[in-house]
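Since the structure comes first, as structure tokens, the remarks are kept for the end.
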Amino acid sequence: MLRVYHSNRLDVLEALMEFIVERQRLDDPFQAEMVLVQSTGMAQWLQMTLAARFGIAANIEFPLPASFIWDMFVRVLKDIPGEKRLQQAEHELEADDPPAAAPGGRRFYPAAPVSE
7 MLRVYHSNRL DVLEALMEFI VERQRLDDPF QAEMVLVQST GMAQWLQMTL
57 AARFGIAANI EFPLPASFIW DMFVRVLKDI PGEKRLQQAE HELEADDPPA
107 AAPGGRRFYP AAPVSE
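Set out below in structure tokens:
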């Protein structure tokens, strides 16, 4: 279930998150709690405040909205690849024996000799 809580005050959202974690526990203890956050800094801050309140903050995922939506697309839509296209290209560039490698195994050459 997706619930949206919004406020321009972080202390209100923090108190609400503490209430949810404490009182509305998930049925499966091995299922991760998922909290969408605007930035990784906010995720770290929230995890530290939850750990300070409860002594530990574990099994909580803090995805950014874009990665959360991409994961939902991959789960729901059949035509969406599991990886983003740039990640596929990155894997091809990192391959040990790329098909388009230059002679001698070097892929890139300087535009001009360094000594000039």
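Mapping of the sequence shown onto the numbering used here: residues 7 to 122, in sequence order. We put the beta carbon where it would ideally sit given N, CA and C, even for glycine.
*For the putative contact between V43 and L70, defined by C-beta atoms under 8 angstroms, what is the C-beta separation to the nearest angstrom?*
7 angstroms
*asked:* Below 8 angstroms, how does it come out for the stretch 72 to 88 and the stretch 52 to 62: are there three or more Cβ pairs, yes or no?
replied: no
*Using a threshold of 9 angstroms, state whether the C-beta atoms of G40 and L16 are closer than that.*
In the sequence as displayed, the identity of residue 40 is Met instead of Gly. Cβ distance not < 9 angstroms, so M40 and L16 don't count as in contact.
*Per DSSP, I66 is paired with what?*
Looking at the DSSP output, I66 sits in a beta bridge with E39.
_Less than 6 angstroms between C-beta atoms, sequence neighbours within five positions excluded: which residues of the same chain meet that for A63?_
Q53, L56, A57
*asked:* What would DSSP say about L8, mapped onto helix, strand or coil?
replied: coil
*Pull up the distance between the alpha-carbon of E28 and that of I75, whole angstroms please.*
27 angstroms
*Quick one: grab the DSSP three-state call for S45.*
coil
*asked:* Whole angstroms are fine: how far does the CA of S73 sit from the CA of L19?
replied: 21 angstroms
_Quick check: the Cα distance between Q37 and N65, rounded to an integer number of angstroms?_
8 angstroms
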